[in-house]
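Everything below concerns the one structure shown next.
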Amino acid sequence: MLSDKSAVGSWAQSTPLLSLKNSVTHVAVTSILVSLSASAYAQAQPQQTKHNKDIAKMPITQSAKMTAEQAGSLEQQKQIDQLIATAKQKNLATHPSWLRLHYFEPNGHTKSGSARYKSKITNPEFFLSPAGHTDPQAELEAFITATITQGIKGNDSAACRFPARTHWLKTQLGLENIQPDCPDFDNWLQALDPQRLSVVFAEEYPNRPVSAFGHTLMLIDSKASLADPKAIDKAHALNDTVAGNPDDSFLVYAAKSAAGGYPNDITIEPYPQKLADYLKTDNRDVWTYELKLTDAEIQQIMRHVYETKDLELPYYFTLDNCASEILRYIDVVRPEGNLLDEFKLAVVPSDVVRLLKKQGLITNQSYFPADKTLAQAKRNNPQIELPKSSIDANNRLIPTQLTPADNNPLNGHELQRVMIGAGAQDDTGYLSLAYRGGFNDLLDRPSGYPQNFHLEAGSIALRVYQDQEPHKGDHNRVELQELAILRGRSFNPINTARSGDSKLSSWGVNLQATQVKDGSQAKLATHDDPDASHLVGSFAYEKGISAAFGTPTAGSGKLPPQLCYAFGSGLAQVGKGLSHGYRVGAGVNLGCRYQLNSKARVVGELQMPYWYHGDLDSDNRRSHYWQPIVSLGAQYDLAKNQAIRLQGSYQLQDDIEGRDDIQLAYIKHF
-5 MLSDKSAVGS
5 WAQSTPLLSL
15 KNSVTHVAVT
25 SILVSLSASA
35 YAQAQPQQTK
45 HNKDIAKMPI
55 TQSAKMTAEQ
65 AGSLEQQKQI
75 DQLIATAKQK
85 NLATHPSWLR
95 LHYFEPNGHT
105 KSGSARYKSK
115 ITNPEFFLSP
125 AGHTDPQAEL
135 EAFITATITQ
145 GIKGNDSAAC
155 RFPARTHWLK
165 TQLGLENIQP
175 DCPDFDNWLQ
185 ALDPQRLSVV
195 FAEEYPNRPV
205 SAFGHTLMLI
215 DSKASLADPK
225 AIDKAHALND
235 TVAGNPDDSF
245 LVYAAKSAAG
255 GYPNDITIEP
265 YPQKLADYLK
275 TDNRDVWTYE
285 LKLTDAEIQQ
295 IMRHVYETKD
305 LELPYYFTLD
315 NCASEILRYI
325 DVVRPEGNLL
335 DEFKLAVVPS
345 DVVRLLKKQG
355 LITNQSYFPA
365 DKTLAQAKRN
375 NPQIELPKSS
385 IDANNRLIPT
395 QLTPADNNPL
405 NGHELQRVMI
415 GAGAQDDTGY
425 LSLAYRGGFN
435 DLLDRPSGYP
445 QNFHLEAGSI
455 ALRVYQDQEP
465 HKGDHNRVEL
475 QELAILRGRS
485 FNPINTARSG
495 DSKLSSWGVN
505 LQATQVKDGS
515 QAKLATHDDP
525 DASHLVGSFA
535 YEKGISAAFG
545 TPTAGSGKLP
555 PQLCYAFGSG
565 LAQVGKGLSH
575 GYRVGAGVNL
585 GCRYQLNSKA
595 RVVGELQMPY
605 WYHGDLDSDN
615 RRSHYWQPIV
625 SLGAQYDLAK
635 NQAIRLQGSY
645 QLQDDIEGRD
655 DIQLAYIKHF
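Position one of the sequence shown corresponds to residue -5 (the numbering used here), numbered consecutively onward.
As C-alpha cells, this is what we get:
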C-alpha cells in the first residue's frame, strides 16, 4: 500500500515519462537560488514593485515552498496530459470494457459519423465528469485527472470509489504496480474472499409473478466454502431482483415489472439464507453451475460489483433483470465477446444458463432438492432414508443421493417456438403460422421445466383461409386467430407433497385476444352470418383442484406422471362483434394430461362456460346461454427442439351449427 505517498509520486515512479520526484527536487533548489537573488536585488533596487518587494521580504523557505508547489502543479498537469494522450492513442474511451463499466449503450452517430453513447445510469454520483452520462472520453479524462489530483488513498478518492475502473485503467496504461489504499473496499473484499463464482438457478415458480420465469443469482465461494462443500455458511449470494410491492396483484406486479415501474434491488447476503428461501419457503429445486473464469476475472467482477452495488436502476422484467446482470458481469471482463447481445427480445434465466453452457462457461453442476421434493421422494418410497431438508439447523449442506428431477434447464427445449400447420375449420381449409415467445404448455416436451409446468407469454397465431363461396369469390383470407399476452396454469395436486395450503390451490390465468362465436345472435334473422367469428379481448381466471396418478420415477422426488384437474372459471370478453360489445361468464373446466411415454403426451379438456350479455333489446337475441367446447391434443417429440402436434376441438351451441376445428402442425423451438 502507498499510504505515505502522493498519487503524483506513485504514478511518476511507475513510468519513465513522469519523473516528478526529480523534477520537484530540481525546482526546489532552483527556487532557493532565485529567491536569494530576488532578495538581494530588492535591497539594491528600492523602485521594485510591491509584489516583488513582498516576495523578497518572504523567508527563503516559504518562497521556495510556493515555487515548488507551483512546479508540482505544473508537473501534475503534465502527467495528466501525457496519460490522456496515451489513452487517446489507445482509444480507451471507446474500449468495450470502459463502456461496459459505465453501462454505456450506442446512441446513434454525430454529424461527422462518430459513434455517440448514453449510459443507462442517470445518477450523477456514478460519474466524475458533468458530461460523463453521454461522453465516455470526458469521463475518462475526468477520471485520470481525479486520480492524479486526489491521490489513490482514502475511501472517498475516485480510485477507491471505483476500483474496477482504476484497475482496468492502470492495466491499460502499464501502471500495474500501483496499489491504491482503500480500507473500506479492502475490508469488503476480504470478508467475501471470492475464489469461485457460480450461477444459481431456482426453477420457475408461477405462484409468485416475479419468479414465474425462474430466477438466477451469483454464488460467491470463499476458500473456506471450497475446502468444505458443506460449509455454505462461508459462501455468499449476490442477488439482483425487483423491489416490488408485495401487496400488488399478479397482473399489476407483472405489468409494473415489465414496464420498469419498480427499481431493482442488489443484495449480498449469506448463501444459506438465500438457498433456504428457495428450498424451504418457495419449495423450488435449485441447480448451480460453476463458471469457468480466471482468478483475475473473478476479482475484477467483484471490483465492479463493489462500485455498482448501491445503484438503483429501473427493473425491466424482460431485458434488465437478474439474468441479464450475470451476463453483464461476464461481458465486463471479456470484452472480446458480448453475451448480452445474444438476446434481443427478452433475457430469461433458463435461456441464459443454456447460453453459458453453449459458450463453454460452465464446468460442473449440482442439484439441490426442495423440501417438498424430498417429502415426495419419501412418499414414492417410504423405505428410503432422506433428510427433511437439504440444509441443517447449523446452515450446513446435507448431501442426498436423490435422483435429480427432470427440471435441469440445460435439458429443456429452447424458449421460443414457431408452429406451422394445416387444418380445417368446418368445411374451410387453412394454413396456420404461430409464434410463441415462451415457455411451455402441457403438450410440450416437459424435460428442463418443473413438472406440469404451463406458462405461455407473447404468442400470436395467423390463419390463411381459402374461401370458395360464390358470393365471396375465390380468394384467400388472412385472420388473426389469437394474440396472447399471458396464459398459464399452476397445478398443485392434492394427493402429493406439493398440495399447497388448501385443496383449491391450483389456479390459472388467461389474457389474450381471440376469435369467438357470439351465441346471443343465434336467432337474429337480420344477422348475415350467425356462425361468424369475432376477435375479442378476453380475460379468464381459474381456481380449482388437481390430482396426480401413475407410477413416479424410482428414487426421485417426482410427482406421478399423469394429471387431472377441475377448475371453476370467471370470464370477461369485450369486442365490437359481441352484442352490447361485451359478455361475462362463469363455468367449469375439466381436463386430463396423460404421458404415454417420454416422447408422447395427450391432453383432453371440456370447457363449459355460461355467458351473459346483459339485457338485450330484441327478442331474437339471447342474453345468456351455454357454449361448451371439447378439445383434444397430442404431441410426439421428434427431437429436443422439434415435434409434431395434432389437435382438434368441437364447440356446441343451441340453434347454431357446431364448430369443429382440426389441425396438424410441425413445431420448432429456437
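Heads up, the beta-carbon is just placed ideally off N, CA and C, and yes, glycines get one too.
The alpha helix (DSSP H) enclosing residue i, as first and last residue numbers
i           : result
residue 299 : 289 to 302
residue 317 : 316 to 327
residue 155 : 152 to 155
residue 461 : From DSSP, residue 461 is part of no alpha helix (DSSP H) but of the beta strand (DSSP E) over 448 to 461.
residue 135 : 130 to 144
residue 187 : That residue, residue 187, is in no alpha helix (DSSP H); it is neither H nor E in DSSP.
residue 664 : Run containing residue 664: none; DSSP gives neither H nor E here.
residue 247 : 244 to 252
residue 220 : 217 to 221
Residue i classed as buried or exposed, judged by whether at least 16 other C-beta atoms fall within 10 angstroms
i           : result
residue 184 : exposed
residue 429 : exposed
residue 665 : Residue 665 is absent from the structure shown; the chain starts at -5 and stops at 664.
residue 460 : exposed
residue 382 : exposed
residue 549 : exposed
residue 593 : exposed
residue 358 : exposed
residue 436 : buried
residue 123 : buried
residue 333 : buried
residue 664 : exposed
residue 108 : exposed
residue 512 : buried
residue 75  : exposed
residue 258 : buried
residue 280 : buried
residue 352 : exposed
residue 661 : buried
residue 636 : exposed
residue 621 : buried
residue 519 : Because residue 519 carries a pLDDT of 47, less than 50, the predicted location of this residue cannot be relied on, and the following value inherits that uncertainty. The residue in question, residue 519, is exposed, as its Cβ has fewer than 16 Cβ neighbours within 10 Å.
residue 99  : exposed
residue 508 : buried
residue 366 : buried
Residues that residue i bridges to, as DSSP identifies them
i           : result
residue 617 : Answer by DSSP bridge pairing: none, since residue 617 is not bridged.
residue 99  : 112
residue 199 : DSSP, once it has assigned bridges, lists no residue as partnering residue 199.
residue 537 : 501, 562
residue 264 : 230
residue 415 : 426, 659
residue 473 : 457
residue 550 : 397
residue 573 : None; residue 573 has no bridge partner.
residue 532 : 506, 567
residue 483 : 448, 502
N- and C-terminal bounds of the beta strand (DSSP E) containing residue i
i           : result
residue 235 : 230 to 236
residue 426 : 422 to 434
residue 603 : 594 to 606
residue 637 : 636 to 645
residue 439 : Looking at the DSSP string, residue 439 is not in any beta strand (DSSP E), and its letter there is neither H nor E.
residue 623 : 623 to 633
residue 285 : 280 to 285
Short CB-CB distance (under 8 angstroms) between residue i and chain E
i           : result
residue 218 : In the structure shown, chain E does not exist; there is a single protein chain.
Item to complete: Report yes or no: do the region 159 to 169 and the region 179 to 199 share at least 3 C-beta pairs separated by less than 8 angstroms?
Response: no
Discussion item. So, does the region 342 to 350 touch the region 312 to 322, judging by three or more C-beta pairs under 8 angstroms?
Written reply: yes
Practice prompt. Say whether the region 637 to 645 touches the region 495 to 502, bearing in mind that this needs 3 or more beta-carbon pairs closer than 8 angstroms, one atom from each stretch.
Written response: no
Discussion item. Extract the residue ranges of the beta strand (DSSP E) inside the region 322 to 384, only unbroken runs of 3 or more that lie entirely within it.
Written reply: 356 to 362
Worksheet item: Quick one: any contact between the region 196 to 207 and the region 268 to 277, if contact means 3 or more CB pairs under 8 angstroms?
Response: yes
Worksheet item: Are the region 394 to 401 and the region 575 to 588 touching by the rule of at least three beta carbon pairs closer than 8 angstroms?
Response: no
Item to complete: Would you check if the region 294 to 305 and the region 149 to 167 touch, i.e. whether three or more CB-CB distances between them fall below 8 angstroms?
Response: yes
Worksheet entry | the region 226 to 239 in contact with the region 254 to 266 per 3-pair CB rule at 8 angstroms | yes
Worksheet item: Counting pairs of Cβ atoms below 8 angstroms between the region 387 to 395 and the region 568 to 578, do you hit three or more?
Response: no
Discussion item. Check whether the region 414 to 432 and the region 360 to 369 touch, using three or more Cβ-Cβ pairs below 8 angstroms as the test.
Written reply: no
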